[in-house]
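Student: Pasting in a structure now, in structure tokens, and then I'll have a few things to ask.
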Amino acid sequence: MNRTGPPDPLPVHQLLLSLLATEAPVACWYERVLPFSGTLPQLTSRWRHRRAVVAVVAAFRSLGQVIFINNPLSGLLLLLALLLQSPSVALFAAFGIAAAHLAAKALGSSWDDRHNGIYGFNGALVGSAIGTFADLGPPGAFLLWTLAALGSGALSSVLVHGPGRRLHAATGLPPMTLPFCLVTWGLLALVTLADVPPLQLHSPAMVPPAGSALQAFLLALPRGFGQVFFCGDLASGLLVLAATAVASPMAAGVGLMGAAIGALAGLASGAAGAVGLGLWSYDGVLSAIAIGGIFHAPTRRSLGVAALAALAASLLTQPMERLMPLGLPALTLSFIVATLATLLVVRRALPTVVPVALHAILTPEEHLQRYLVTRRLLNDYRSRLRGAVGGGAWTSLAPSADPALLGRFEELFERLDRDRDGQLSLSELVDGIEQVPGDPDQGPSDPAAALARVLAAMDLDGDGVVDRAEFIEVMLRLRRLWDGQERLKRYLIPVDADGDDRLDPGEMDRLLSSIGQPPLNRLEQRAVFGPERSGLTWHAFFDRLLLT
Numbered sequence: 292m293n294r295t296g297p298p299d300p301l302p303v304h305q306l307l308l309s310l311l312a313t314e315a316p317v318a319c320w321y322e323r324v325l326p327f328s329g330t331l332p333q334l335t336s337r338w339r340h341r342r343a344v345v346a347v348v349a350a351f352r353s354l355g356q357v358i359f360i361n362n363p364l365s366g367l368l369l370l371l372a373l374l375l376q377s378p379s380v381a382l383f384a385a386f387g388i389a390a391a392h393l394a395a396k397a398l399g400s401s402w403d404d405r406h407n408g409i410y411g412f413n414g415a416l417v418g419s420a421i422g423t424f425a426d427l428g429p430p431g432a433f434l435l436w437t438l439a440a441l442g443s444g445a446l447s448s449v450l451v452h453g454p455g456r457r458l459h460a461a462t463g464l465p466p467m468t469l470p471f472c473l474v475t476w477g478l479l480a481l482v483t484l485a486d487v488p489p490l491q492l493h494s495p496a497m498v499p500p501a502g503s504a505l506q507a508f509l510l511a512l513p514r515g516f517g518q519v520f521f522c523g524d525l526a527s528g529l530l531v532l533a534a535t536a537v538a539s540p541m542a543a544g545v546g547l548m549g550a551a552i553g554a555l556a557g558l559a560s561g562a563a564g565a566v567g568l569g570l571w572s573y574d575g576v577l578s579a580i581a582i583g584g585i586f587h588a589p590t591r592r593s594l595g596v597a598a599l600a601a602l603a604a605s606l607l608t609q610p611m612e613r614l615m616p617l618g619l620p621a622l623t624l625s626f627i628v629a630t631l632a633t634l635l636v637v638r639r640a641l642p643t644v645v646p647v648a649l650h651a652i653l654t655p656e657e658h659l660q661r662y663l664v665t666r667r668l669l670n671d672y673r674s675r676l677r678g679a680v681g682g683g684a685w686t687s688l689a690p691s692a693d694p695a696l697l698g699r700f701e702e703l704f705e706r707l708d709r710d711r712d713g714q715l716s717l718s719e720l721v722d723g724i725e726q727v728p729g730d731p732d733q734g735p736s737d738p739a740a741a742l743a744r745v746l747a748a749m750d751l752d753g754d755g756v757v758d759r760a761e762f763i764e765v766m767l768r769l770r771r772l773w774d775g776q777e778r779l780k781r782y783l784i785p786v787d788a789d790g791d792d793r794l795d796p797g798e799m800d801r802l803l804s805s806i807g808q809p810p811l812n813r814l815e816q817r818a819v820f821g822p823e824r825s826g827l828t829w830h831a832f833f834d835r836l837l838l839t
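This note's numbering applies: residue 292 is where the sequence shown begins, and numbers increase by one.
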């Protein structure tokens, strides 16, 4: 696009970032303690040009996405869990994943979606269901069921890419495992009604139920995880639980909460046998993780909502089974209904629980970190804003800052202050920042003019000079903002309700409400948004966070 006017000035926080060029963002505790947790993006990026390796990693991610974990090491553990349950379940799951990925590629889906398992997990579930319910004994049955698995896996991607995306665009609700349910019900109904001799169904072998209520409850916890993949074997359930914990200990904990709630609901209903098999728990596992860590950042409020969703999913399991025609299994229908209903209710009744954008889904740990970073930055900002509106002096972060970090900023000020007068001049700042970043769409900016704005912005008390305390305060704020900037951006995505990449007063109030802060008063709104109360770009908002 051609620009007719002068280039827009670069945001102050971007101009100052070159002063932090030697500083490294602080890693979170779980990144240091649990190096194999999270999504391990390096495994995909490192081998991106090795198609066979990338395909295997994507298949493992697809297995993990069944239970909301995008970790290939977890996927390997899940494959072992399926093999322990039944080699045929593992094999047909692989068929379903392969067909789903090939179909998604043919449909023109994005590389990131395919290789993060977004398309493959429904195919994995379809294949697992076929391996569980298919009778492979009759002659020719294996070949026909293989073709059915490949076709059904491909069809699941068609549903995700077409109706699934339209559902999300229209309602903001994800399709989750609904494509798996629709494809599997259609296949099982077709086999039941057609009665083709090589294609026959059999009932899966049932594990003997637990004896006491306590034993049933304890068995329900790991088996609730296993039943997500049609694994009733205790060892398989323990492996599924371990796979979840490898990627996200928090997801495993929230899932255990959902499994326990489902087990207690089943025991209260007098279904101890089914409870011990995990049949009252698997829907609760999925609903709890979805609400309490995936689609909402895990806070006390969202975890409470997740517990209610898990209870609803568990209580719906038996009624759903009775409503199914032809004796078809309900599969994950209870989870789908309970989770989608909860997302709708929370959206209307608890707007302070901010949802997580679908493309930002990582782990509950990362979502919690985003929430905590946002709360800290906005609480600091709101405190400074009140002081600025009330005419008070700016408050300092120095008393609570890391002494080593303070020492580095002291040294930086000494290097910049060449004439040793205890103040920074424009020429000293220009010499200190070797290269001012430019916007490639706008062309190069004027370094002197840009840094004059920076110098004026660093003058927190408005006395016309930037002294040591002001410089250190701005650098402390910048470091805190830099450490949390990407997480703050991810948190802000769903707050931007109209999608215009700007923050308006209503969205600002919702953002503050999500961290327990009251809305802006009239004077604060004027200070933040100006007299016309027009929206702020994200860069302008970050400058407010830095310099207010």
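Note that beta-carbon positions come from the ideal geometry of N, C-alpha and C, so glycine has one too.
Assign arginine 709 to one of three DSSP states: helix, strand, or coil.
Tutor: For the purposes of this step, residue 709 is taken as the residue at position 418 of the sequence shown. The answer is coil: DSSP assigns arginine 709 none of H, G, I, E or B.
Student: Could you pull the start and end residues of the alpha helix (DSSP H) that glycine 797 belongs to?
Tutor: Here the question's residue 797 lines up with position 506 in the sequence shown. From DSSP, the alpha helix (DSSP H) with glycine 797 extends over 796-805.
Student: Could you name the residues that DSSP lists as bridge partners for alanine 554?
Tutor: Along the sequence shown, one-based indexing puts residue 554 at 263. Paired residue(s): none; alanine 554 is not in a bridge.
Student: Identify the residues that DSSP records as bridge partners of valine 757: which are they?
Tutor: Taking the first residue of the sequence shown as 1, we reach residue 757 at position 466. Beta-bridge pairing links valine 757 to Leu715.
Student: Going along the chain, which unbroken runs of the alpha helix (DSSP H) with 4 or more residues stay wholly within the region 364-440?
Tutor: You should have 378-397, 402-406 and 411-424.
Student: With distances taken from CA atoms, which of Leu794, Leu803 and Pro810 is nearest alanine 831?
Tutor: Indexing the sequence shown from 1 puts residue 831 at position 540. Residue Leu794 is the option with its Cα nearest to alanine 831.
Student: One question on the structure: do leucine 458 and leucine 464 come within less than 8 Å of each other, judged by their Cβ atoms?
Tutor: Mapped onto the sequence shown, residue 458 falls at position 167. Mapped onto the sequence shown, residue 464 falls at position 173. For leucine 458 and leucine 464, yes; Cβs fall inside 8 Å.
Student: Does threonine 633 come out as helix, strand or coil in the three-state DSSP assignment?
Tutor: As a working note, residue 633 is residue 342 in the sequence shown. It is helical.
Student: Cα separation between threonine 437 and proline 429?
Tutor: For this step, residue 437 is matched to residue 146 along the sequence shown. For this step, residue 429 is matched to residue 138 along the sequence shown. Between threonine 437 and proline 429, the C-alpha separation is close to 14 Å.
Student: How about alanine 346 and phenylalanine 386: do their beta carbons lie closer than 8 Å?
Tutor: Residue 346 sits at position 55 when you count from the first residue of the sequence shown. Residue 386 sits at position 95 when you count from the first residue of the sequence shown. No.
Student: For proline 690, count neighbouring Cβ atoms within 10 angstroms of its own Cβ and tell me buried if that reaches 16, exposed if not.
Tutor: As a first step, residue 690 must be located in the sequence shown, where it is residue number 399. Its Cβ having fewer than 16 others within 10 Å, proline 690 is exposed.
Student: In whole angstroms, what is the alpha-carbon distance linking serine 539 and isoleucine 409?
Tutor: In the sequence shown, the residue the question calls residue 539 occupies position 248. In the sequence shown, the residue the question calls residue 409 occupies position 118. When rounded, the distance between both Cα atoms is 18 Å.
Student: Pairs of beta-carbons, one from the region 546-560 and one from the region 571-579, closer than 8 Å: are there three or more?
Tutor: These segments touch.
Student: Considering only C-alpha positions, which residue in the set Ala604, Tyr662, Leu635 and Ala480 is nearest to glycine 584?
Tutor: Within the sequence shown, numbered from 1, the residue matching residue 584 stands at position 293. Measuring from the Cα of glycine 584, the nearest candidate turns out to be Tyr662.
Student: With distances taken Cα to Cα, identify the nearest neighbour of phenylalanine 762 among Ala445, Ser527, Phe704 and Asp834.
Tutor: One-based indexing of the sequence shown puts residue 762 at position 471. Closest by alpha carbon: Phe704.
Student: Determine the direct distance from the alpha carbon of alanine 504 to that of leucine 827, and round the result to whole angstroms.
Tutor: What you label residue 827 is simply residue 536 of the sequence shown in a count that begins at 1. What you label residue 504 is simply residue 213 of the sequence shown in a count that begins at 1. Answer to the nearest angstrom: the Cα atoms are 58 Å apart.
Student: Please go through the same chain and pick out, in chain order, the residues whose beta-carbon is closer than 6 Å to the beta-carbon of serine 365, but skip the five residues on each side of it.
Tutor: Sequence index remark: in the sequence shown, residue 365 carries index 74 (1-based). Only Gly355, Ala534, Val537 and Ala538 meet the Cβ criterion.
Student: Report the rounded CA-to-CA distance for aspartate 834 versus arginine 824, giving the unit in angstroms.
Tutor: Your numbering for residue 834 matches position 543 in the sequence shown. Your numbering for residue 824 matches position 533 in the sequence shown. Approximately 17 Å, taken between the alpha carbons.
Student: Decide if the region 612-622 is in contact with the region 558-568; the criterion is three or more beta carbon pairs, one per stretch, under 8 Å apart.
Tutor: Short answer: they don't touch.
Student: What does the alpha-carbon distance come out to for the pair arginine 711 and arginine 768?
Tutor: In the sequence shown, residue 711 corresponds to position 420, counting from 1. In the sequence shown, residue 768 corresponds to position 477, counting from 1. Roughly 24 Å separates the two Cα atoms.
Student: If you draw a straight line from the C-alpha of glycine 502 to the C-alpha of leucine 779, how long is it?
Tutor: Counting from one through the sequence shown, the residue named residue 502 turns up at place 211. Counting from one through the sequence shown, the residue named residue 779 turns up at place 488. One C-alpha to the other measures close to 50 Å.
Student: Kindly identify the DSSP beta-bridge partner or partners of glutamine 491.
Tutor: The count along the sequence shown starts at 1 and reaches residue 491 at position 200. Answer is Asp426.
Student: By a C-beta neighbour count over all protein chains shown, 10 Å radius and 16 as the cutoff for buried, is tryptophan 571 buried or exposed?
Tutor: One-based indexing of the sequence shown puts residue 571 at position 280. Under this definition tryptophan 571 is a buried residue.
Student: Taking 8 Å as the limit between beta carbons, can you name the residues of its chain near leucine 602, skipping five residues before and five after?
Tutor: Taking the first residue of the sequence shown as position 1, residue 602 is located at position 311. Excluding residues within five positions, the ones whose Cβ falls inside 8 Å are Ile552, Gly553, Ala556 and Gly575.
Student: Between which residues of its own chain and proline 731 is the CB-CB distance below 6 Å, once the five residues before and five after are set aside?
Tutor: Working through the sequence shown from its first residue, we reach residue 731 at position 440. The pLDDT assigned to proline 731 is 39, lower than 50, so where the model puts this residue is not dependable; a value taken from the coordinates is nonetheless given after this. Correct list: empty, nothing qualifies.
Student: Are alanine 384 and leucine 373 closer than 8 Å when you measure CB to CB?
Tutor: One-based indexing of the sequence shown puts residue 384 at position 93. One-based indexing of the sequence shown puts residue 373 at position 82. Yes; because the gap between Cβ atoms is below 8 Å, this pair is in contact.
Student: Excluding the 5 residues flanking leucine 547 on each side, which residues of the same chain have their C-beta closer than 7 Å to its C-beta?
Tutor: In the sequence shown, counting from the first residue as 1, residue 547 sits at position 256. Answer for leucine 547: Leu512, listed in chain order.
Student: Taking only the alpha-carbon atoms, compute the straight-line gap between valine 819 and glycine 807 and give it to the nearest angstrom.
Tutor: By 1-based counting over the sequence shown, the position of residue 819 is 528. By 1-based counting over the sequence shown, the position of residue 807 is 516. Near 19 Å, if we compare the C-alpha coordinates of glycine 807 and valine 819.
Student: Tell me arginine 793's beta-bridge partners as DSSP assigns them.
Tutor: What you label residue 793 is simply residue 502 of the sequence shown in a count that begins at 1. For arginine 793, which the question treats as bridged, DSSP gives the partners Thr828.
Student: Return the Cβ separation of glutamate 656 and methionine 541 in integer angstroms, given the expectation that the two are a contact with Cβ distance under 8 Å.
Tutor: By 1-based counting over the sequence shown, the position of residue 656 is 365. By 1-based counting over the sequence shown, the position of residue 541 is 250. Rounded, the Cβ-Cβ distance is 5 Å, consistent with contact.
Student: Among Ile421, Leu634, Arg677 and Ser353, whose alpha-carbon lies nearest the alpha-carbon of arginine 813?
Tutor: Numbered from 1 along the sequence shown, position 522 holds the residue referred to as residue 813. Of the candidates Ile421, Leu634, Arg677 and Ser353, the one whose C-alpha sits nearest the C-alpha of arginine 813 is Arg677.
Student: Do you know how far the Cα of arginine 592 is from the Cα of leucine 530?
Tutor: Taking the first residue of the sequence shown as 1, we reach residue 530 at position 239. Taking the first residue of the sequence shown as 1, we reach residue 592 at position 301. Computed Cα separation, rounded: 30 Å.
Student: Considering glutamate 823, what are the terminal residues of the alpha helix (DSSP H) in which it resides?
Tutor: Here the question's residue 823 lines up with position 532 in the sequence shown. Per DSSP, glutamate 823 belongs to no alpha helix (DSSP H) and is neither H nor E.
Student: So, at 6 Å on beta carbons, what are the nonlocal neighbours of proline 822 in its own chain, with the 5 sequence-adjacent residues on each side left out?
Tutor: Residue numbering aside, residue 822 sits at position 531 when the sequence shown is read from its first letter. There are no such residues.
Student: Roughly how many whole angstroms lie between the Cα atoms of serine 716 and arginine 673?
Tutor: Locating residue 716 in the sequence shown gives position 425, counting from the first residue. Locating residue 673 in the sequence shown gives position 382, counting from the first residue. One C-alpha to the other measures close to 30 Å.
Student: With distances taken Cα to Cα, identify the nearest neighbour of threonine 393 among Leu382, Gly414, Val380 and Ala381.
Tutor: The count along the sequence shown starts at 1 and reaches residue 393 at position 102. Checking the sequence shown, residue 393 turns out to be leucine, not threonine. Nearest of Leu382, Gly414, Val380 and Ala381 to leucine 393, Cα basis: Gly414.
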